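Structure, as structure tokens:
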Amino acid sequence: MAMLSQVELPVSKQNTVVVGGNLIVNGSAGSGAATTVLRHQLSPVSSIEFMATAGLRSVIGGQMFSVRTPSHNLFHILLILVYITNCNFVKIVYFSQISPHSTATSGLAVSLRDGSINLSNAWTRQLSDNTVGNIQLVLGDESSISVDGKRRMKNVLQLEK
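Once you know that position 73 of the sequence shown is 73 in UniProt numbering, the rest is easy, because the numbers rise by one and skip nothing.
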């Protein structure tokens with residue numbers, strides 16, 4: 001069984017901090033980690049993420065997402081992740097915009113400690129102006145399926161005169 005929780009904190013128009021954690025229980029053994037992600041929007045179709053995880057499977061990594069020229073962007077993704085990730089873990093991620101309201105992400109993670117391989121696929125769909133649905137599938141040592149939705153509320157402050 002696995003549980004994941006995260007909170008997105010917009011810092012500015014282009015920067016977002018995501019703070020989260022996960023807990024995984026498999027029989028009588030378990031593990032957990034806390035994760036912090038800094039996401040910077042480079043352009044309307046391109047962003048970069050820097051990630052740090054503390055826990056039993058600590059890792060420092062980065063991802064670059066862009067949808068203009070997939071073959072060129074895949075090179076950037078590989079370059080960033082291989083050089084930023086620590087020596088215990090290598091992760092390759094490919095991002096694609098399926099439609100104006102849908103995106104897909106595929107990933108391959110290889111542990112340099114035990115050689116285990118995890119494959120991941122995630123799909124995101126904008127359901128309305130302020131609602132997004134996510135489906136994530138992970139196959140490997142720690143297989144999981146998760147479905148969630150996020151609704152962003154606009155804060156409206158009305159001042160009385």
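Each residue gets a CB set at the ideal place from its N, CA and C atoms; glycine is no exception.
Since the structure is predicted, the reported quantities are computational estimates derived from the model, not experimental observations.
My assumption, with CB atoms under 8 Å, is that residue i sits in contact with residue j. Please give the rounded CB distance.
i: Gly-32; j: Gly-21; result: 7 Å
i: Asn-118; j: Asp-141; result: 7 Å
i: Leu-137; j: Asn-121; result: 5 Å
DSSP state of residue i, grouped into three classes?
i: Glu-142; result: coil
i: Lys-150; result: strand
i: Leu-136; result: This sequence places Gln at residue 136; Leu is not what is there. Three-state result, Gln-136: strand.
i: Pro-10; result: strand
i: Gly-30; result: strand
i: His-40; result: strand
i: Met-51; result: strand
i: Gly-107; result: strand
i: Ser-128; result: strand
i: Met-1; result: coil
i: Ser-99; result: strand
i: Leu-119; result: strand
Compute the Euclidean distance between the alpha carbons of residue i and residue j, then round it to the nearest angstrom.
i: Ser-111; j: Val-17; result: 26 Å
i: Asn-26; j: Val-37; result: 26 Å
i: Ser-143; j: Asp-129; result: 32 Å
i: Leu-23; j: Ser-102; result: 28 Å
i: Met-153; j: Gln-6; result: 16 Å
i: Ser-99; j: Thr-105; result: 13 Å
i: Gln-97; j: Trp-123; result: 10 Å
i: Ser-66; j: Thr-131; result: Caution applies to Ser-66, whose pLDDT of 46 falls short of 50 and renders its modelled position unreliable; the model cannot decide the point.
i: Ser-146; j: Met-51; result: 21 Å
i: Gln-14; j: Leu-127; result: 22 Å
i: Ser-43; j: Leu-9; result: 19 Å
i: Glu-49; j: Ala-2; result: 24 Å
i: His-40; j: Ile-135; result: 23 Å
i: Ser-12; j: Leu-139; result: 35 Å
If you measure from the CB of residue i, is any heavy atom of the ligand GTP nearer than 7 Å?
i: Gln-136; result: The ligand GTP is not part of the structure shown, which contains no ligands of any sort.
Hey, does residue i have any beta-carbon neighbour from chain C nearer than 8 Å?
i: Ala-122; result: Checking the listed chains, one finds no chain C in this structure; it contains a single protein chain.
State yes or no: is the C-beta of residue i within less than 8 Å of the C-beta of residue j?
i: Ala-54; j: Ala-34; result: yes
i: Arg-125; j: Gly-133; result: yes
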